[in-house]
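> Mind looking over this structure? Questions follow.
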Amino acid sequence: MYDKSKGYRFLFGPVPSRRLGRSLGIDIVPSKVCSLNCVYCEVGKTTQCAITRQRFNNPNEVISEFSEHYPPFAQKLDIVTITGSGEPTLCSDLGLLISEIKKISSIPVGVLTNSTLFTDPQVRAELMEADVVVPSIDAATPEVFRKICIPHPSLDISAINEALVTFSNEYKGRLLIEILLCEGINDNFEELGKIADIISRCRYEKVQLNTVHRPPAFSSARSVGSAFLLEAALFLSQRGISVEPVSNYIKDFSGGSMTRAELERLITMRPCSVKDISMVFGVPSSEVEAILAQIPAERLEIRDMSGENFYFMK
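Numbering of the sequence shown is given in my numbering, commencing with residue 1 and proceeding in unit increments.
What follows is the structure, encoded as structure tokens:
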């Protein structure tokens, strides 16, 4: 796990993922540079809305850190996941990073993306080299897209979705599509039907249907609840979509240890409850609470979600 004393700047984890297994993350985009300002985002509101790709870090430094520090985790990993505190495809070195990581490690390389830059043929070409791509599609119509994703003004949801279809039918790796539903925004069957029409034209392994489980960027983003999530999954399944509803998921990797630096890195990436942290590190809740108490109050934000406290580094 991340430790400042070791000088990690880009690596985080390993962390458990329902979609991908035990994942070592590489954060290649700073907080919070993104093409969208999604109301449900657990990382927080976008501070720099952008669609122009750029170099955020020296790629040699990213590769050097990975090469030096990943070996101790190698036998315990299912995947190396390229992600970011913003949108990873905004990184102009994405293709280079994928290819260099694959030279160093035989572990599959995955990329998480909001799909907005699929309209760029260069982005699609770079993602072809990844073993796993996890794109999202939360809307089919411009009105819903604007409400749930608050996109950069130049983005066109129809063009984005068409580009996703194009990519999916050219891509040879594992494509796992994610839909996230927010109450009162994209949880109507008319919109879901249109999303299903788009996905039906894609080549993919599975659609994972999710909702808000952690404190979102905007308080207007609310969970649809587990009952509706199942109902929506059935609706999509009846339209020929291979889908599974996804609950709030933290797999228990017990028998571990935790430093304050490791905990801080985890809750810098996403809000977590005491239970989440306990299960990720395999330590008692009392130990988590003791270390949380060491963090200065001005650096720690506590967000309530359905009566449960989630902790996030400011």
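Backbone N, C-alpha and C define an ideal beta-carbon position, used for all residues, glycine too.
Could you name the residues that DSSP lists as bridge partners for Gly25?
For the purposes of this step, residue 25 is taken as the residue at position 25 of the sequence shown. BP columns for Gly25 point to Phe12 and Thr81.
> In whole angstroms, give me the CA-to-CA distance for Arg146 and Pro108.
The residue you call residue 146 lines up with position 146 of the sequence shown. The residue you call residue 108 lines up with position 108 of the sequence shown. Going by the C-alpha atoms only, they are around 34 angstroms apart.
> Within this structure, are the beta carbons of Glu205 and Leu236 separated by less than 8 angstroms?
On the sequence shown, position 205 is the one that residue 205 refers to. On the sequence shown, position 236 is the one that residue 236 refers to. No, Cβ-Cβ distance for Glu205 and Leu236 is not below 8 angstroms.
> Between Pro216, Leu155 and Asp93, which lies nearest to Gln54 when the distance is taken from Cα to Cα?
As a first step, residue 54 must be located in the sequence shown, where it is residue number 54. Residue Asp93 is the option with its Cα nearest to Gln54.
> Counting pairs of Cβ atoms below 8 angstroms between the stretch 111–127 and the stretch 155–174, do you hit three or more?
Taking 8 angstroms as the limit for Cβ pairs, the verdict is that the stretch 155–174 does touch the stretch 111–127.
> Under a Cβ-count criterion, where at least 16 other Cβ atoms within 10 Å of its own Cβ denotes burial, should Asp252 be classed as buried or exposed?
Indexing the sequence shown from 1 puts residue 252 at position 252. Confidence is the limiting factor: at Asp252 the pLDDT is only 48, short of 50, which leaves the residue's position unreliable, though a coordinate-based value still follows. Looking at its Cβ environment, which holds fewer than 16 other Cβ atoms inside 10 Å, Asp252 is exposed.
> Between Gln238, Leu300 and Ser286, which lies nearest to Leu266 when the distance is taken from Cα to Cα?
Within the sequence shown, the letter at position 266 stands for residue 266. Taking only the C-alpha atoms, the option nearest Leu266 is Leu300.
> Over the uninterrupted alpha helix (DSSP H) stretch that includes Val212, give me the two end residues.
Position 212 of the sequence shown holds residue 212. Segment: none, Val212 is in no alpha helix (DSSP H) and carries neither H nor E.
> Please classify Arg19: does DSSP put it in a helix, a strand, or coil?
Stepping through the sequence shown from its first residue, residue 19 is reached at position 19. Coil.
> Which two residues bound the contiguous beta strand (DSSP E) that contains Pro121?
The residue you call residue 121 lines up with position 121 of the sequence shown. Unbroken run through Pro121 is the alpha helix (DSSP H), Pro121 to Leu127; no beta strand (DSSP E).
> Within its chain, find whatever has a CB closer than 8 angstroms to the CB of Pro59; leave out the 5 residues flanking it on each side and keep chain order.
On the sequence shown, position 59 is the one that residue 59 refers to. Contacts found: Asp93, Leu96, Leu97 and Glu100.
> Do Met128 and Tyr70 have their C-beta atoms closer together than 8 angstroms?
Counted from its first residue, the sequence shown places residue 128 at position 128. Counted from its first residue, the sequence shown places residue 70 at position 70. The answer is no: Cβ separation not under 8 angstroms.
> Output yes or no for whether 8 angstroms exceeds the beta carbon distance between Val132 and Ile63.
As a first step, residue 132 is located in the sequence shown; it is residue number 132 there, counting from the start. As a first step, residue 63 is located in the sequence shown; it is residue number 63 there, counting from the start. It is not a contact, given that the beta carbons lie outside the stated cut-off.
> How far does the beta strand (DSSP E) with Val109 in it extend, from its first residue to its last?
Your numbering for residue 109 matches position 109 in the sequence shown. From DSSP, the beta strand (DSSP E) with Val109 extends over Val109 to Thr113.
> For the structure I just gave you, are there three or more beta carbon pairs, one from the stretch 217–233 and one from the stretch 29–43, closer than 8 angstroms?
The stretch 217–233 is in contact with the stretch 29–43.
> Tell me where the beta strand (DSSP E) around Val132 begins and ends.
Working through the sequence shown from its first residue, we reach residue 132 at position 132. Val132 -> beta strand (DSSP E) spans Val132 to Pro135.
> Using the Cβ count rule (16 or more neighbours within 10 Å means buried), how would you classify Phe189?
Numbered from 1 along the sequence shown, position 189 holds the residue referred to as residue 189. Per the 10 Å Cβ criterion, exposed.
> DSSP on Leu180, reduced to helix/strand/coil?
The count along the sequence shown starts at 1 and reaches residue 180 at position 180. Strand at Leu180.
> How many angstroms separate the CA atom of Asn316 from the CA atom of Gly84?
The structure shown does not extend to residue 316, since the chain spans only 1 to 314, so no value can be given for it.
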